[in-house]
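Undergrad: The structure that follows is given in the form of structure tokens.
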Amino acid sequence: MSSSNTLNDPRDSSRETRLNLPKSWKAESVDAIGSMGMFFAGMVMVTRNRYAAWPVLILAINGVMNQHPLRAKEGGSTPWATLMMALFGLVISHVPLFTITDPTTGAIRFS
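Residue numbers for the sequence shown follow the working numbering, so the first one is 3 and each next one is one higher.
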């Protein structure tokens with residue numbers, strides 16, 4: 003093997019460098035928007051407020067688009083979980099619009 007071929011070999015252990023992440027990635031940031039979105043999604047499910055479900059969905063999509071996987075804490079809630087919770091809140095808040103109820107009692111009719 004020639005010496006020029008040895009210097010250009012990417013598998014050479016002398017060419018290894020240490021992985022250095024940017025300094026801004028070392029600080030674990032609190033995902034306040036994700037936590038707030040999860041709280042509001044739960045609030046939408048409990049109160050079945052249709053009008054509050056849409057901003058929560060936008061907040062959850064924002065959390066997914068702005069996630070930083072390398073900065074995330076271990077065991078924290080992921081933006082995908084917040085998005086799923088917002089979608090479930092949206093569905094649960096709109097389900098009463100599609101159920102057939104008895105006008106006199108307000109109960110759901112099954113037949």
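By construction, the Cβ of each residue, glycine as well, lies at the ideal position given by its N, Cα and C atoms.
1) What is the DSSP secondary structure of Ile110, reduced to helix, strand or coil?
2) Considering only residues of the same chain and omitting the five flanking positions on each side of Ala43, which have a CB-CB separation below 6 Å?
3) Take Leu23 as the anchor and find which of Asn51, His70, Ile35, Val66 has the nearest alpha-carbon.
4) Short of 6 Å in beta carbon distance, which residues of its chain neighbour Leu85, apart from the five on each side in sequence? Order them along the chain.
5) Check whether the Cβ atoms of Pro98 and Arg20 sit closer than 8 Å, and answer yes or no.
TA: So, from the data block:
1) strand
2) Val58, Met87, Ala88, Gly91
3) His70
4) Ala62, Val66
5) no
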